[in-house]
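To keep things clear, I will list the structure first and then write my remarks on it.
In this note's numbering, the protein residues as written are -15 to 636.
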């Protein structure tokens, strides 16, 4: 299947019999991701990019087809798959690549122990073994793109071309040297990628799911219904005020205990030092207030402004002509703008001061709102100006904002003071001081909170506290952290409580509210059933109650102020059938009036086509995954646990 070597006149393909395996992930880690990716992406431009993504989707089954079998010999590889090896370097560099990806995603350092705990070492190994199994399959099938095709691929890579766009042998060698890759290794990688893509194409090409499934799904998604419905509101039911007895509350409590079950809770003691606690101790002199006020003069001393549009002309004669037409009502400013091929947005200057308009400022500011003045000189030439609004000057004195500025400066200094005390407080905690002992520090507060994932009261309203509370364990020692407002805090987990019923005595307010809500819902449902019976019997509805009609809605339709499950219930009904649909937000009566087929529209045709394509791709991917799993089984991968442990032990 190889091309004649003599056809490669100016270019000799290097042999790839070197024992060293140098995979694509090697280069990405060791020699720079961007440069190597550019070269390989160009070289594989016509090859399928879905191959890698399919392998990523097979990670769950990646290790299913082989056992962990010891073997003796060289430690240059961590696994042997048929005649293919997964080298130690490949495995280490792929681990490092995965580590980089995780660290970029989380923003934290991920040590090898944590990667192992997450199972990422097996993910990496499974991925490499799956690729090696495909390489073995390609080798067994004798697949190769041939030397001429390989040369064609390489010669199309821009990094290997000269200024004229032609392949350059020296440029090719220089580019590979820059990323530390030999010609033999690069060409072998390209051959293997090509062979794997040929296998992928042979399995996936032309795979089609039967049209029956596509049509069935399209009919389900595109089916339509027409129906009438009405909402039963609380105003339509008469409920007298009733206070439940203790027996009624107890019965409701027992029957709905899930509503009164407290979530898993952490009992947390915290110490906090907030800026507000120190503000009163901080003196702010008048000079600091005046400086801050002057720094914000643009905010406090706002001059008079106008909302202005400006239409610029090429010369004075054109501007005079346009103004004359406006004066005799021969045109409008909007029409003049449109005649120039512009929009009002193009000529809008926004709100401007007199100084912003230069020599035209005085005339513009003397005009009334709605006037068009000009022609006046502008930095772009003679122009007409339309005044759309007037904004009065706003002058704020120091006395008006003195208290506000003093509080701001004091709070800012309090935050800086807290930052300077943080290290001292942290040292105290590290030295064995308890949170209770920190209460002697000026401004420090001590508190206790029963925290769970839904807590938002008090200090639990801060994201910083919630994150710390979620992560804290009984083994953790208190240490200083900061809240979003600059407050300092430290926490200690005292106890962790399992989900448990809230005591009956403590749940009285919540219990009474829930009981009254249930009573109202029952009354709404009873009224809805009464109205539904009237519709079923063909009776006229009471005066003031009208049905709303909907036509040709699909399952995905959304109706505001209706129960979420309304559309699902509608599609369960037969024509003429009436039902009551209720949830915590609304109670409605619905009657199905018409069952309609899928609409014959371009949108539905496009949906059917897209669904068919997606189903074909899903089938092709499933077949390819099955093929790769079978290839792994037949290749009988053998793992060297000692080599794996050695790589992980030396992993940085």
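Virtual Cβ for every residue (Gly too), placed ideally from N, Cα, C.
Note that the C-beta distance between residue 107 and residue 79 is not below 7 Å.
In the DSSP assignment, residue 132 falls within the alpha helix (DSSP H) that extends over 130 to 139.
Unbroken alpha helix (DSSP H) runs of no fewer than 4 residues, entirely contained in the stretch 467 to 521, are found at 492 to 520, following chain order. Taking 7 Å as the cut-off, the beta carbon of residue 370 is found closer than this to the beta carbon of residue 356. Residue 413 is a Cβ neighbour of residue 462, given a cutoff of 7 Å. Under the three-state reduction of DSSP, residue 551 is assigned to helix. Under DSSP, residue 187 forms no beta bridge with any residue. A distance below 8 Å between beta-carbons, with the five flanking residues on each side excluded, links residue 155 to the following residues of its chain, in chain order: 143, 144, 145 and 146.
When the alpha-carbon of residue 427 is set against those of 525, 399, 450 and 435, the nearest one is in 399. Put simply, the stretch 187 to 205 touches the stretch 587 to 607. At least three CB pairs are less than 8 Å apart. Shown here for residue 192: same chain residues with a beta carbon closer than 7 Å to its own, the five before and five after excluded, namely 600 in chain order. Per DSSP, reduced to three states, the secondary structure at residue 255 is strand. Cβ atoms of residue 292 and residue 364 stay farther apart than 8 Å, at about 14 Å. If you draw a straight line from the Cα of residue 138 to the Cα of residue 178, it is about 12 Å long.
By the neighbour-count criterion, in which a residue is buried when 16 or more other Cβ atoms sit within 10 angstroms of its Cβ, residue 571 is buried. Beta-bridge annotation (DSSP): residue 440 is not paired with any residue.
For residue 122, the uninterrupted alpha helix (DSSP H) run begins and ends at 104 to 125, by DSSP. Counted as a single uninterrupted DSSP element, the beta strand (DSSP E) harbouring residue 63 occupies residues 61 to 65. Spanning the alpha carbons of residue 581 and residue 537 requires a straight line of approximately 11 Å. Taken atom to atom, the span from the alpha-carbon of residue 479 to that of residue 458 is near 8 Å.
Between the stretch 556 to 571 and the stretch 243 to 252 there are fewer than three C-beta pairs closer than 8 Å, too few to call the two in contact. By the Cβ criterion, the stretch 534 to 549 is not in contact with the stretch 261 to 269, since fewer than three pairs of Cβ atoms, one from each stretch, lie closer than 8 Å. In the DSSP assignment, residue 275 falls within the alpha helix (DSSP H) that extends over 270 to 279. When DSSP states are grouped into helix, strand and coil, residue 463 belongs to the coil group. DSSP, read as helix, strand or coil, puts residue 372 in strand. A distance below 7 Å separates the beta carbons of residue 464 and residue 409. The shortest CA-to-CA distance from residue 443 to any of 615, 255 and 553 is the one to 255. Straight through space, the alpha carbons of residue 198 and residue 112 are spaced by roughly 35 Å.
Pairing residue 187 with residue 125, the inter-Cα distance amounts to about 13 Å. Residue pairing by DSSP places residue 430 opposite 255 in a beta bridge. Under the 10 Å beta carbon count, residue 75 is surrounded by 16 or more other beta carbons and is classified as buried. Remark: C-beta atoms of residue 70 and residue 61 approach each other more closely than 7 Å. Contact between the stretch 503 to 517 and the stretch 212 to 222 is established, with three or more Cβ pairs separated by less than 8 Å. Note on residue 376: under 16 other CB atoms within 10 angstroms of its CB, so exposed under the neighbour-count rule. Judged by DSSP secondary structure, residue 390 falls within the alpha helix (DSSP H) whose first and last residues are 382 to 414. Per the Cβ contact rule, the stretch 323 to 332 is not in contact with the stretch 307 to 314 (fewer than 3 Cβ pairs under 8 Å).
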